[in-house]
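Numbering-wise (our numbering), the sequence shown opens with residue 432 and increments by one. Cβ coordinates follow ideal geometry from the N, Cα and C atoms, glycine included. Since the model is a prediction, treat every value here as computed from it, not as a measurement. Please read the structure below before turning to the comments.
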Amino acid sequence: MSSTLIAVVLALALGHYVTPLAQLRRYGWFSRWVAWLGRQMGAAFASPFALILVLGVPLALTAWLQHALSGQFLGLAGFAFAVLALGYCWGPRDLDRDVEAIEEASDDAARERALAQLTDAARPASATDPASLVQAVFHAARRRWFGVLLWFLLLGPFGALLYRLTERGAGTEAGKSLPPAQLAAWQHLLAILDWPVAHLMTLALAVVGHFDAVHAAWREWHGARSGQDFDFSIGFLDAAAQVSVRQALREAAAEREADDIDDDASQPADAPLPLQALHAAMAQAWRILVAWIVVLALFVLAGHV
Numbered sequence: 432m433s434s435t436l437i438a439v440v441l442a443l444a445l446g447h448y449v450t451p452l453a454q455l456r457r458y459g460w461f462s463r464w465v466a467w468l469g470r471q472m473g474a475a476f477a478s479p480f481a482l483i484l485v486l487g488v489p490l491a492l493t494a495w496l497q498h499a500l501s502g503q504f505l506g507l508a509g510f511a512f513a514v515l516a517l518g519y520c521w522g523p524r525d526l527d528r529d530v531e532a533i534e535e536a537s538d539d540a541a542r543e544r545a546l547a548q549l550t551d552a553a554r555p556a557s558a559t560d561p562a563s564l565v566q567a568v569f570h571a572a573r574r575r576w577f578g579v580l581l582w583f584l585l586l587g588p589f590g591a592l593l594y595r596l597t598e599r600g601a602g603t604e605a606g607k608s609l610p611p612a613q614l615a616a617w618q619h620l621l622a623i624l625d626w627p628v629a630h631l632m633t634l635a636l637a638v639v640g641h642f643d644a645v646h647a648a649w650r651e652w653h654g655a656r657s658g659q660d661f662d663f664s665i666g667f668l669d670a671a672a673q674v675s676v677r678q679a680l681r682e683a684a685a686e687r688e689a690d691d692i693d694d695d696a697s698q699p700a701d702a703p704l705p706l707q708a709l710h711a712a713m714a715q716a717w718r719i720l721v722a723w724i725v726v727l728a729l730f731v732l733a734g735h736v
């Protein structure tokens, strides 16, 4: 339905331009729910199967609302719920503003503080390492944008909340209170949810970026893992992102050398290489997002969504 496309565009626009809405993306209730359930279940909470109950209650409520509101008030109730659900699960922080804060930092200490907002404790990055910054941008884009978006497109509000709560449980405040066996189950579920997201991001990156370089990196990564057990690893996305950004930087340098001008006023030619890589990675992430929306629009026009 075309309402899916409209809901996506509206939710993204509200999230990007109405910054106070970001303050509403709070998941403290989920951390409290996990802690309360842990106290009630006692030793049984250590089982990885407790994940089913932790996720099941909020997801069951979401599924019920999604079904109950579908078709109500000429579909407007379901549409509004979809926009609210996607807007709530998006982010939670604004990726563009986090990247801009790194680029505009006045000194190294400020840049490191800004970088800490982009990354998470499990995946630290260095503000002086271009490859580390590229990896951080694509990791954040997958967790903040593309994971939520894909599962929303597949399952509606249920899918968006499934991804966000799994991401919260696998590595944030809620995850810190989980027993090791259950935390491993959360991380495995998140890896499963991330796997198709990473593949579609890589495909879009090849289409909007440098197809031959991305395809070669994808094949090289899989070739290096030949014979290993399948484990939902998505390292191919980082490999593809690195070569795509390097190729973009080489092309930009060649253009500046040929024209003796800097066509991009937002990123001066004399910017340090790490910041150039950061800027290029963010541009690639936006191109992927636009490509996804264009494909969704084509499906709508074809009558398949």
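Q | Residue burial classification, residue 470 (beta-carbon count within 10 angstroms, cutoff 16) | A | Position 39 of the sequence shown, counted from the first residue, corresponds to residue 470. It is exposed - the Cβ of residue 470 has fewer than 16 other Cβ atoms within 10 Å.
**Q.** Backbone CA spacing between residue 627 and residue 664 [nearest angstrom]
**A.** Locating residue 627 in the sequence shown gives position 196, where the first residue counts as 1. Locating residue 664 in the sequence shown gives position 233, where the first residue counts as 1. Cα to Cα, residue 627 sits roughly 11 Å from residue 664.
Q: Evaluate contact between the stretch 562 to 577 and the stretch 523 to 533, counting only Cβ atoms and requiring at least three cross-stretch pairs below 8 Å.
A: yes
Q.
Whole angstroms are fine: how far does the CA of residue 560 sit from the CA of residue 690?
A. As a first step, residue 690 must be located in the sequence shown, where it is residue number 259. As a first step, residue 560 must be located in the sequence shown, where it is residue number 129. Using only the alpha carbons, I get a separation of about 28 Å.
Q. Buried or exposed: which applies to residue 673, given that a residue is buried once 16 or more other Cβ atoms fall within 10 Å of its Cβ?
A. Mapped onto the sequence shown, residue 673 falls at position 242. Result: buried.
Q) Can you name, in chain order, every residue of its own chain whose Cβ lies under 7 Å from the Cβ of residue 587, other than the five neighbours on each side? A) For the purposes of this step, residue 587 is taken as residue 156 along the sequence shown, with counting starting at 1. Cβ neighbours of residue 587 beyond the five flanking positions: 497, 513.
Q) Below 9 Å between beta carbons: does that hold for residue 590 and residue 461? A) For the purposes of this step, residue 590 is taken as the residue at position 159 of the sequence shown. For the purposes of this step, residue 461 is taken as the residue at position 30 of the sequence shown. Going by beta carbons, residue 590 and residue 461 fall outside the 9 Å limit.
Q) For residue 671, which residues from the same chain have a beta carbon less than 6 Å from its beta carbon, with the 5 sequence-adjacent residues on both sides left out? A) Along the sequence shown, read from residue 1 onward, the residue named residue 671 stands at position 240. So the list reads 633, 636, 645, 648, 649, once near-sequence residues are dropped.
Q) Grouping DSSP H, G and I as helix and E and B as strand, with all else coil, what is residue 523? A) The count along the sequence shown starts at 1 and reaches residue 523 at position 92. Residue state, collapsed to three classes: coil.
Q | Under the three-state DSSP convention, the category residue 676 falls into | A | Position 245 of the sequence shown holds residue 676. Reduced to three states, the DSSP call for residue 676 is helix.
Q: Check each candidate in 688, 478, 454, 473 and name the one with the smallest Cα separation from residue 611.
A: Position 180 of the sequence shown, counted from the start, is the residue given in the question as residue 611. Nearest C-alpha to residue 611: 478.
Q: Report, in whole angstroms, the separation of the C-beta atoms of residue 709 and residue 535, which I expect to be a contact under 8 Å.
A: Taking the first residue of the sequence shown as 1, we reach residue 709 at position 278. Taking the first residue of the sequence shown as 1, we reach residue 535 at position 104. The Cβ separation is near 11 Å, so there is no contact.
Q) Candidates 734, 676, 726: which alpha carbon is nearest residue 714's? A) Counting from 1 along the sequence shown, the entry for residue 714 is found at position 283. When each option's Cα is compared against that of residue 714, the closest is 676.
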